[in-house]
Amino acid sequence: MSLSAILTEAYHFYRNHISQLAMLTIPILLLQIGIQTWLGMELKAADEVNPEFGGSHMFAMMALLILFSILIAALTLFLEVRSQGHKVGNLLILKASMPFVPPLLLAGVASGFAIIAPVMLAAAFGPLWVIGLIPSLYIFARLSFVNFMVVSERLTPFKAIKESFNFTSEWPFLLRTCAVLSLYLPISIISSQLTMATESFGPAAELIIATVFGFIGLFVNIALFRLYMVNRRKDDEGVQAD
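When the letters of the sequence shown are read in order and numbered with our numbering, they come out as residues 2 to 243.
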């Protein structure tokens, strides 16, 4: 299936289920972005020479990771169920998402370290940290399907990481994955520009804008899931044919 067909199907899915998607994800996004906004304010207010981070900041960081895991689990289950033609209520989806939070947390931490490692290593040489962005973005693309594999295939975190690397080993598929991920760029640019333009309205405006664009950004996850399902099915058919 072509990339344009993947994006078209993702758009139709997003549009047709936007109401249930909003009710399922926006409360989680509001909590997540609210915590991020508070952390940002705390960082701005911190002493630049000797910043202090206490238990509340660590708790907030952990809450962010948990909320992100719940969001991804719920969204993936919703995509899986609706793609199969079933209708399930949001509360049931959220309840079914909870067992996936621990493995998604572990997968997220392991993947995050793998992604930022090149930048951190390059940062040891000063301005060369920019060079580390290239392998970091490459690893990010290779690990884009870890969360789907944890939830949809019930793989363990490290098995999912390994399988995602295998899944994205072919360049044509990896390039299509990068093309889908690149949609985050205009969304982030527009969001940041609007945030700066409405900075005088205070944190409330920042919270609303970030939540709206966070919800819009879910389209990228939907397109990735569609890309994942189409190519996973193709792999399964190839294995059966062999």
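Glycine included, every Cβ here is placed at the ideal spot set by N, Cα and C. This one's a predicted model, so the numbers in the text were calculated from it and none came from an experiment.
For His18, the secondary structure class from DSSP, reduced to helix, strand or coil, is coil. Using a Cβ distance threshold of 8 Å, Val231 and Ile36 do not count as a contacting pair.
Short of 7 Å from the beta carbon of Phe149, and not among the five residues preceding or following it, lie these beta carbons of its own chain, in chain order: Thr77, Phe226 and Tyr229.
For Ala198, the enclosing alpha helix (DSSP H) has its first and last residue at Tyr185 to Ala198.
Contact check for Ser170 against Phe146 fails: the beta carbons are separated by 8 Å or more.
Taking 8 Å as the cut-off, the Cβ atoms of Leu66 and Leu107 do not count as close. Per the C-alpha coordinates, the member of Leu184, Pro136 and Glu200 positioned closest to Leu219 is Leu184. Straight-line measurement puts the Cα of Phe54 at about 11 Å from the Cα of Ala46. Taking a contact to require three or more Cβ pairs closer than 8 Å, the region 186-198 and the region 107-121 do not qualify as touching.
In this chain, the alpha helix (DSSP H) harbouring His58 covers Gly56 to Ser84.
Three or more beta-carbon pairs separated by less than 8 Å are not found between the region 128-136 and the region 168-182, which leaves the two stretches without contact. Close CB contacts of Leu68 within its chain, under the 8 Å cut and outside five residues either way in sequence, are with Ile29, Leu32, Gln33 and Ile36 (chain order). If you ignore the 5 residues before and after Pro204, its C-beta comes within less than 8 Å of the C-beta of Thr38 and Met42, all in its own chain and listed in chain order.
Your pair Ala75 and Leu95 checks out as a contact, with CB atoms roughly 6 Å apart and the cut at 8 Å.
Gly90 carries a coil assignment under DSSP once its states are collapsed to helix, strand and coil. Put simply, the backbone Cα of Ser98 is about 9 Å away from that of Ile73.
The beta carbons of Ile223 and Tyr15 sit closer together than 8 Å.
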